[in-house]
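Numbering (our numbering), first residue to last: -3 to 89.
We put the beta carbon where it would ideally sit given N, CA and C, even for glycine.
Worksheet: one structure, shown below.
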């Protein structure tokens, strides 16, 4: 079971809302809207995706990594390395 299983519906709802935002941004570009207005919307969509990513990371750490740490051994080391790499990718973005 994934760590986000309890929040799956909420994540799907948020991602669909973000998808709508991105489609709106594409329409703004098609309609030759003002650059700053488009950039403002891009920034909002980016923040929304970052919030989803942070929520998923929190769920992963609280469920998958915690469970692996409790089991110990190679599985724990793998999950911790995997989480560290995910955090590094988020920080770079």
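Going by DSSP, residue 71 is part of the alpha helix (DSSP H) stretching over 69 to 88. One alpha carbon belongs to residue 18, the other to residue 37, and they sit about 8 Å apart. The segment 68 to 87 makes contact with the segment 48 to 59: 3 or more CB pairs, one atom from each, lie closer than 8 Å. Taking a cut-off of 8 Å for Cβ pairs, the segment 5 to 16 and the segment 58 to 68 do not touch, as fewer than three such pairs fall below it. By alpha-carbon distance to residue 0, the top candidate from 58, 26, 39 is 58.
Closest in C-alpha terms to residue 13, from the list 45, 70, 73, comes 45. If you check the CB distance, residue 71 and residue 11 do not come in under 8 Å. Spatial neighbours of residue 20 in its own chain (CB-CB distance under 8 Å, excluding positions within 5 residues in sequence) are listed in chain order as 37.
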